[in-house]
Amino acid sequence: MSMQIAVVGISFVVGFSAMWLIRYFVRRNVRRVAEREAQDILETAQWTADQFMAEAKKNVEEYEEEIRGQAEEELESRQHQVSQIQDRIQDQQDALEHDLKIKQDQYSQRKQRVDQYDKKVSDQQSQYQMLKERLRELQSSLKSKLETKADTPADHLKAELIEKIQSQAIIRSSKMSQQMVDEAQQSAERRAKQVLTTALNRFARPYCPERGTGHVPLSDDKQRSNVIGPERSHLKAIEMACGVDLVFDEEHSTVSVSGFDPVRRELGRLSVERISREKKMRIEDIPRIVQKIKSELFSKIRKDGNQIAKELGLKDLHAEIRNMMGALRYRYSFTQNQYFHCGEVGFLCGLLNSELGLDQKDGRRAGMLHDIGKSMDHSRDGGHAVIGADFIEQHGEAEHIVHAVRAHHYDETPSTDLAHLVIAADAISGARPGARRSTVVSYAQKMQDLQNIASSFEGVVDAHVVSAGREVRVFVDGRKVDDWAALKLSSNVAEKIENEMAYPGQIKVTVVRETQAVEYAK
């Protein structure tokens with residue numbers, strides 16, 4: 098048993114030793130192999146490193162050679178550019194030096210001329226002082242000789258000379274101004290005649306003047322009974338309903354209608370005519386008849402207002418303006434119907450505007466509306482031009498139209514071409530033959546006013562109004578009024594007539610100056 102154990106132990110020891118020896122030899126062999134491989138690796142790495150270093154050194158040398166070549170080329174290029182810049186700088190410097198030399202030469206020449214001018218001015222100043230002193234001596238000597246010869250102080254001689262020069266200057270300026278005025282008047286008159294002739298030839302509107310009547314004849318007793326009634330009751334009822342005054346003329350069997358409002362007068366006339374034709378008339382029927390006639394009359398007024406606007410081609414008129422224009426059908430001025438007068442002025446003003454290159458519709462509009470104020474009653478304050486302008490302004494008319502209406506009788510100073518053309522067209526319509534007929538009283542008053550205005554100026558001996566008020570001849574004292582003062586007097590008389598009187602057309606003012614030279618032979 099113990100023997101077996103010993104054998105086992107020996108076997109274990111022998112086996113362990115053999116194993117250790119085997120591991121030792123194996124480990125030593127592995128180390129040798131590893132050392133040999135490491136040596137191979139080191140040798141390979143060294144060879145590779147040597148190859149890499151050789152290649153790198155070669156590349157570095159090639160790169161250095163390339164860089165050196167590029168640097169040499171760049172340096173050569175830069176040197177060439179610097180050389181060019183230096184050449185340009187040198188050229189510019191040479192040019193500047195050349196210009197500087199030229200400027201210096203010019204400056205020297207100018208300085209030389211300035212010095213010459215200074216010397217010349219100095220010499221002339223010295224000469225001027227000598228001449229001035231000589232002139233002073235001559236003036237003093239001349240003054241002494243004149244005073245001695247004329248036995249008059251120098252101040253008096255100077256005043257007389259100044260007065261003479263002023264008189265000559267006034268005469269020359271008067272001649273020149275008169276010549277300019279004559280030329281302007283001739284040119285303006287020639288152009289105005291041309292425009293008016295063309296406009297009047299183009300205006301061929303037929304016109305039959307209506308004469309308003311305020312008398313209604315009553316042909317029989319039936320008509321008189323219907324209108325007058327018992328104790329004039331019908332007559333009074335008509336007056337109350339129409340707002341007019343009725344006067345019955347028994348001798349001529351007529352009823353006269355009077356009142357301030359022309360539309361009311363027409364209403365009264367139509368009412369009397371209608372009532373006179375009624376078969377059976379009662380006083381309570383009068384208001385109904387008058388109201389019916391009033392409706393018919395207002396309808397006719399609207400129709401007339403639309404008609405005149407249509408004839409003139411004015412489409413955007415306010416309805417109230419149309420009604421007022423229709424009411425002018427019953428308004429007369431110097432026996433001229435104002436409805437037809439406004440139509441004439443509208444057409445004429447439109448033609449004048451077109452001839453002068455202005456807006457024709459504006460001319461027609463302003464011309465038609467210029468007398469619209471005449472259709473308004475006495476409840477409005479002011480002249481018909483002013484209240485008419487205010488009325489159309491309230492109803493949307495343009496400012497230049499309003500101004501033309503307000504200025505057509507100079508209630509406002511005309512400041513536009515349209516305003517002056519409305520004045521001209523109004524004068525043409527009022528001055529044409531047969532348009533207006535003045536009463537004897539107004540005609541005599543016009544003659545007297547013209548004579549009074551002409552006689553109100555100093556130096557006037559007598560004044561006569563001729564050609565039915567179209568010319569005023571003023572006779573002056575030749576000792577007080579010379580030729581040029583006569584020209585000024587004619588202008589002053591004409592201006593005063595324009596400012597103080599209203600008239601159609603124009604009035605000629607002629608100043609007559611007579612000089613008589615009388616001498617006796619002995």
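Each residue of the sequence shown is one higher than the one before, counting from 98 in this note's numbering. Using N, Cα and C, we set each Cβ at its ideal position, and we do this for glycine too.
Where residue i falls: helix, strand or coil (DSSP)
i: Asp478; result: coil
i: Leu343; result: strand
i: Asp559; result: strand
i: Lys407; result: helix
i: Ser353; result: strand
i: Val313; result: strand
i: Val615; result: coil
i: His492; result: coil
i: Cys305; result: A caution first: Cys305 carries a pLDDT of 49, below 50, which makes its placement in the model unreliable, though a value can still be read off. In the structure shown, Cys305 sits in coil (DSSP, three-state: anything other than H, G, I, E or B).
i: Leu547; result: helix
i: Gly527; result: helix
i: His415; result: coil
i: Arg120; result: helix
i: Arg379; result: coil
i: Glu280; result: helix
i: Asp579; result: coil
i: Gly454; result: coil
i: Met473; result: coil
i: Thr510; result: coil
i: His177; result: helix
i: Glu348; result: coil
i: Ile107; result: helix
i: Gly326; result: coil
i: Gly112; result: helix
CB of residue i within 8 Å of CB of residue j, strictly
i: Ser373; j: His312; result: no
i: Val571; j: Thr607; result: yes
i: Leu364; j: Ile390; result: yes
i: Ile550; j: Glu494; result: no
i: Phe395; j: Asp474; result: no
i: Leu449; j: Ala522; result: yes
i: Ala501; j: Val519; result: yes
i: Asp459; j: Ile418; result: no
i: Ser526; j: Val442; result: yes
i: Ala560; j: Gln545; result: no
i: Gly485; j: Ile469; result: yes
i: Arg321; j: Gly340; result: no
i: Ile604; j: Glu568; result: yes
i: Gly454; j: Glu408; result: no
i: Met422; j: Gly402; result: yes
i: Ala599; j: His517; result: no
i: Ser355; j: Asp342; result: yes
i: Val563; j: Val573; result: no
i: Asp514; j: Ala482; result: no
i: Ser392; j: Leu425; result: no
i: Leu586; j: Phe554; result: yes
i: Arg371; j: Ile386; result: yes
Residue i classed as buried or exposed, judged by whether at least 16 other C-beta atoms fall within 10 angstroms
i: Glu159; result: exposed
i: Gln435; result: buried
i: Glu132; result: exposed
i: Asn323; result: buried
i: Arg461; result: buried
i: Leu258; result: exposed
i: Ala406; result: buried
i: Arg610; result: buried
i: His253; result: exposed
i: Phe122; result: exposed
i: Val615; result: exposed
i: Arg308; result: Only weak support is given to the placement of Arg308: the predicted model assigns it a pLDDT of 49, under 50, and the question is left unresolved by the model.
i: Gln276; result: exposed
i: Met337; result: exposed
i: Cys305; result: Low local confidence applies: a pLDDT of 49 at Cys305 is under 50, so the model's placement there is unreliable, with the coordinate-based value given in what follows. Under this definition Cys305 is an exposed residue.
i: Leu332; result: buried
i: Ile398; result: buried
i: Arg207; result: exposed
i: Ala115; result: exposed
i: Leu228; result: exposed
i: Phe113; result: exposed
i: Gln178; result: exposed
Beta bridge counterpart(s) of residue i as assigned by DSSP
i: Lys605; result: Glu568
i: Asn434; result: Tyr429
i: Cys573; result: Correcting the residue type first, residue 573 is Val in the shown sequence and not Cys. DSSP, once it has assigned bridges, lists Val557 and Arg610 as partnering Val573.
Query raised in the report: Which runs of the beta strand (DSSP E), 3 residues or longer, sit entirely within the segment 180 to 253?
Result: none
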